[in-house]
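Colleague:
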Amino acid sequence: MTTNPPKLKTTVAANERVQKLKNAHEQKYGKSPLFYAYAPGRVNLIGEHIDYCGYSVLPMAIEQNILATVSVNDAGTIQLANTNPHYKDFTVSCADIKIDRDDPQWYYYFLCGVKGIQENFGISHLAGMQCVLDGTIPPSSGLSSSSALVCCAGLLTMEANNKSLSKVAIAEICAKCEHYIGTEGGGMDQSISFMAEEGTAKLIEFNPLRAIDVKLPDGAVFVISNCCVEMNKAASSHFNIRVVECRIATKMLAKARNLEWSRLFKLAQVQAELKVSLGEMLSLVDEVLHTEPYSREEICKTLGITPEELCTDLLSANTQHVTHFKLHQRARHVYGEAERVLQFESVCDSEPAESIQLLGDLMNQSHASCRNLYECSCPELDQLVDICLKSGAVGSRLTGAGWGGCAVSMVPTEKMDSFLQAVRKAFYAPDPRKTTMEKQSLFMSKPGGGAAILIEE
Ligand code: GLA
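Quick note on the numbering used here: the sequence shown kicks off at 46 and runs consecutively.
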């Protein structure tokens, strides 16, 4: 498979995986696929939980991806099968696409992508499709397997319905339509899935969406390790609670500075309105917000809104039960992390002699902030990060949403073998469950290419 397609559409030689999937498609549906689509997962190197606040992030695509076969028909149905028997077959009428937020099944992520394309183009009669999906991204591990599925579905729906879009446009559609599942993520995962290029990490900026190459220093590799605690962000409210806390902090800071707070929703907008540095935003957070959690009453009183307005305008469907909000801690994390992303990029750009140490330090600060201020780590992930640092990494941090899933570590190339051995021994070997998961849980990753439609050569 070509892994660095310059365009959204490219050709593919039938390698072993493609051939296997083609056979599965023929067996299931009695005909050959018309085309294939794939979308990669990602690892975020730095910039956690700040994309939905409007700040830039720094991920790279990984080699693991979702690959799908597609045949098109006029039967008026979408038929899905998955090579993983854990994910059951699913058929739905094109005229009756519904996404059940209370039951985040695998195929609903696919339907998010379908719906995003349908609504963008106002397609009244969707093409019927038959697909077999094959995923190599470990699920619920912070490597964006769900967004890759949304992106893959959006892309193949676009192609099956003879539409075309730029990478930026389809990334934006897929970021929005993933909200149908109920999680209010930012646009990082979908943007890197489409805009990745082999060999380079990307600084992803929002409003407008842009992906800028970031050359990672020679002499170090990035290793991903899974703490083996699964986190399905659509099945819990942790993620949306953080989104809501950031939204309320935005309003409180804006109000304190006499801005038109009702039209501001993201922490980055407050900085833009005030035209101050991230350092000054940190001071503002200390000055305006207290560290004790805010009650609903206090928020309503400060903003001059009713409890009903708080529920409808600021809380999401799955955060209606929350009584207290940690605004100071969350806002400090966001502004601090936004600053670290810029520092990380600038070190990569200027390549000082001590690049690797500087980048490692930033990653360690990021993890501490995620753990202490944003509280999106968990004991197993903290233990894994500690083990990675003791095993020779210069920096190690949780990656993705957190509360489980993976850590990413920066390891000097010459220490890579001893690092893997030490992490294996200290983290995976003592626990038989982790030992069986080790092969797909501990691996080195280089920046991979972005999503594409593949036509067989
Ligand atoms: C999930 C979301 C992203 C981002 C990360 C945390 O992956 O989909 O948009 O918010 O969590 O950085």
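For each residue, glycine too, the CB sits at the ideal point set by N, CA and C.
So Y83 is in the beta strand (DSSP E); what residue range does that whole segment cover?
Modeller: Locating residue 83 in the sequence shown gives position 38, where the first residue counts as 1. Note, Y83: beta strand (DSSP E), 80-91.
Colleague: Report the partner residues of A256 according to the DSSP bridge assignment.
Modeller: Sequence index remark: in the sequence shown, residue 256 carries index 211 (1-based). I249, per the DSSP bridge assignment.
Colleague: For G349, which three-state DSSP category applies?
Modeller: Working through the sequence shown from its first residue, we reach residue 349 at position 304. G349: coil per DSSP, three-state reduction.
Colleague: Is DSSP giving M489 helix, strand or coil here?
Modeller: For the purposes of this step, residue 489 is taken as the residue at position 444 of the sequence shown. In the structure shown, M489 sits in a strand (DSSP, three-state: E or B).
Colleague: Measuring alpha carbon to alpha carbon, tell me which of S101, A301, K296, G199 ends up nearest A383.
Modeller: Mapped onto the sequence shown, residue 383 falls at position 338. Here the closest residue by C-alpha is S101.
Colleague: Alpha carbon to alpha carbon, what distance is there between K479 and I432?
Modeller: Your numbering for residue 432 matches position 387 in the sequence shown. Your numbering for residue 479 matches position 434 in the sequence shown. I432 and K479: Cα-Cα distance of roughly 15 Å.
Colleague: From which residue to which residue does the alpha helix (DSSP H) around Q150 run?
Modeller: As a first step, residue 150 is located in the sequence shown; it is residue number 105 there, counting from the start. Counting along the chain, Q150 falls outside any alpha helix (DSSP H), and DSSP gives it neither H nor E.
Colleague: What does the alpha-carbon distance come out to for the pair N49 and C291?
Modeller: Indexing the sequence shown from 1 puts residue 49 at position 4. Indexing the sequence shown from 1 puts residue 291 at position 246. At N49 the pLDDT is 44, less than 50, meaning the model places this residue with poor confidence; the figure from the coordinates comes in the next sentence. The alpha-carbon atoms of N49 and C291 are separated by roughly 36 Å.
Colleague: Are I218 and G167 closer than 8 Å when you measure CB to CB?
Modeller: Here residue 218 refers to the residue found at position 173 when the sequence shown is read from its first residue. Here residue 167 refers to the residue found at position 122 when the sequence shown is read from its first residue. No.
Colleague: Leaving out five residues before and five after G445 in sequence, what residues of the same chain have Cβ atoms less than 7 Å from its Cβ?
Modeller: Counting from 1 along the sequence shown, the entry for residue 445 is found at position 400. These residues qualify, in order along the chain: N89, G187, L188, S189, C451.
Colleague: Once you ignore the five residues that flank L355 on each side, which residues in its own chain have a CB closer than 7 Å to its CB?
Modeller: Your numbering for residue 355 matches position 310 in the sequence shown. The residues are R341, I344, C345.
Colleague: Would DSSP call C98 helix, strand or coil?
Modeller: Numbered from its first residue, the sequence shown carries residue 98 at position 53. Correct three-state label for C98: helix.
Colleague: Please report the straight-line C-alpha distance between C222 and H335, rounded to a whole angstrom.
Modeller: Taking the sequence shown and counting its residues from 1, one reaches residue 222 at position 177. Taking the sequence shown and counting its residues from 1, one reaches residue 335 at position 290. Between C222 and H335, the C-alpha separation is close to 35 Å.
Colleague: Just to check, is the beta-carbon of D234 closer than 7 Å to a non-hydrogen atom of the ligand GLA?
Modeller: For the purposes of this step, residue 234 is taken as the residue at position 189 of the sequence shown. Result yes, Cβ under 7 Å from the ligand GLA.
Colleague: Put Y473 into one of helix, strand or coil per three-state DSSP.
Modeller: As a working mapping, residue 473 is identified with position 428 in the sequence shown. Helix.
Colleague: Just checking E93 against the ligand MN - is the residue's beta carbon closer than 7 Å to any of the ligand's heavy atoms?
Modeller: As for the ligand MN, it is missing from this structure, which binds only the ligand GLA.
Colleague: Rounded to the nearest angstrom, how far is the Cβ of A256 from that of P457, given a contact under 8 Å?
Modeller: As a first step, residue 256 must be located in the sequence shown, where it is residue number 211. As a first step, residue 457 must be located in the sequence shown, where it is residue number 412. Actually they do not touch by this definition, with Cβ atoms about 27 Å apart.
Colleague: Let me know if N271 comes out buried or exposed under the rule of 16 or more other beta-carbons within 10 Å of its beta-carbon.
Modeller: Counting from one through the sequence shown, the residue named residue 271 turns up at place 226. Result: buried.
Colleague: Which value, in whole angstroms, describes the spacing of the CA atoms of T202 and S395?
Modeller: On the sequence shown, position 157 is the one that residue 202 refers to. On the sequence shown, position 350 is the one that residue 395 refers to. Using only the alpha carbons, I get a separation of about 42 Å.
Colleague: How big is the Cα-Cα spacing for P253 and D476?
Modeller: Residue mapping note: residue 253 aligns to position 208 of the sequence shown, counting from 1. Residue mapping note: residue 476 aligns to position 431 of the sequence shown, counting from 1. Computed Cα separation, rounded: 46 Å.
Colleague: So L451 is in the beta strand (DSSP E); what residue range does that whole segment cover?
Modeller: One-based indexing of the sequence shown puts residue 451 at position 406. Checking the displayed sequence, the identity of residue 451 turns out to be Cys instead of Leu. Unbroken beta strand (DSSP E) run through C451: 451-457.
Colleague: Rounding to the nearest angstrom, what Cα-Cα distance links N417 and M408 in this structure?
Modeller: Against the sequence shown, residue 417 aligns to sequence position 372. Against the sequence shown, residue 408 aligns to sequence position 363. So the alpha carbons of these two residues sit roughly 14 Å apart.
Colleague: Report the rounded CA-to-CA distance for A82 versus E399, giving the unit in angstroms.
Modeller: Here residue 82 refers to the residue found at position 37 when the sequence shown is read from its first residue. Here residue 399 refers to the residue found at position 354 when the sequence shown is read from its first residue. Their backbone Cα atoms lie some 41 Å apart in a straight line.
Colleague: Counting only the same chain and skipping the five closest in sequence on each side, list residues whose C-beta sits under 6 Å from that of V268.
Modeller: In the sequence shown, residue 268 corresponds to position 223, counting from 1. Counting only Cβ-Cβ distances below 6 Å, and skipping sequence neighbours, we find S454, V456, M489.
Colleague: Helix or strand or just coil, what does DSSP make of H366?
Modeller: Your numbering for residue 366 matches position 321 in the sequence shown. Of the three classes helix, strand and coil, the one that applies to H366 here is coil, per DSSP.
Colleague: Could you check whether L125 and I144 sit closer than 8 Å to each other, using their CB atoms as the reference points?
Modeller: Within the sequence shown, residue 144 is the residue found at index 99, counting from 1. Within the sequence shown, residue 125 is the residue found at index 80, counting from 1. Cβ atoms of I144 and L125: not closer than 8 Å.
Colleague: List the endpoints of the continuous beta strand (DSSP E) containing F267.
Modeller: Taking the sequence shown and counting its residues from 1, one reaches residue 267 at position 222. Unbroken beta strand (DSSP E) run through F267: 265-271.
Colleague: Mapping DSSP to helix, strand and coil, what is T444?
Modeller: Here residue 444 is taken as the residue at index 399 of the sequence shown, counted from 1. The answer is coil: DSSP assigns T444 none of H, G, I, E or B.
Colleague: Would you kindly work out how many angstroms separate the C-alpha atoms of L312 and I293, rounded to a whole number?
Modeller: Locating residue 312 in the sequence shown gives position 267, where the first residue counts as 1. Locating residue 293 in the sequence shown gives position 248, where the first residue counts as 1. Rounded to whole angstroms, L312 to I293 spans 9 Å at the Cα level.
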